[in-house]
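Participant: Have a look at this one before I ask anything.
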Amino acid sequence: MLVIVVENVPHRLRGRLAVWLIEIRAGVYVGNLSAKVREMIWAQIVDGIEEGNAIMTWSTNTESGFDFVTLGKMLFNNLMVKNGCFFGGKIGVVISVD
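The sequence shown: position 33 = 55 (my numbering), numbered continuously.
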């Protein structure tokens, strides 16, 4: 499983993502693609992001069961700190500050 969330990106990048993935909500794309295709899609995001931001997460065989990468300035709302981690934001990510 692959999930990509983009904000404030050009329409041409959103259109490019829609070629490979299903847009289940504005800026939220899901699919089940190989690692090679995932890397190709991320390269296109890097090339076309402009002033926007993106996060991509996918299933892996790790303890957490997933991995992720981010790009651009993330815009967090209602940011909270608890037990050394930031919680909150528009996309609900948790960022450890250990």
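Backbone N, C-alpha and C fix where the C-beta goes; we use that ideal spot for every residue, glycine too.
Note the first and the last residue of the continuous beta strand (DSSP E) segment covering Glu-126.
Facilitator: This structure cannot speak to residue 126, because the chain is shown only from 23 to 120.
Participant: For the candidate residues Gly-94, Ile-71 and Gly-53, whose alpha-carbon lies nearest to that of Thr-79?
Facilitator: The shortest C-alpha separation from Thr-79 is found at Gly-53.
Participant: Rounded to the nearest angstrom, what separates Gly-70 and Arg-60 at their Cα positions?
Facilitator: Answer to the nearest angstrom: the Cα atoms are 15 Å apart.
Participant: Could you work out which residue in Val-25, Leu-35, Ala-57 and Ser-81 is closest to Ile-46 when comparing CA atoms only?
Facilitator: With distances taken between Cα atoms, Ile-46 lies closest to Val-25.
Participant: Alpha carbons only, please: which of Trp-42, Met-23 and Gly-49 is nearest the one belonging to Asn-30?
Facilitator: Out of Trp-42, Met-23 and Gly-49, Gly-49 has the C-alpha closest to the C-alpha of Asn-30.
Participant: Unbroken alpha helix (DSSP H) runs of length 4 or more, entirely within the segment 33–93: which are they?
Facilitator: For the segment 33–93, whole alpha helix (DSSP H) runs of length 4 or above, ordered along the chain, are 33–42 and 57–70.
Participant: Where does Val-31 sit, in a helix, a strand or coil, going by DSSP?
Facilitator: Three-state DSSP puts Val-31 in coil, outside helix and strand.
Participant: What is the rounded straight-line gap between the Cα of Ala-65 and the Cα of Ser-81?
Facilitator: Roughly 19 Å between the two C-alpha positions.
Participant: Leaving out five residues on either side along the sequence, give the residues of the same chain with a beta carbon under 8 Å from the beta carbon of Ile-44.
Facilitator: For Ile-44, where only same-chain residues beyond five positions count, the Cβ hits under 8 Å are Tyr-51, Val-52 and Gly-53.
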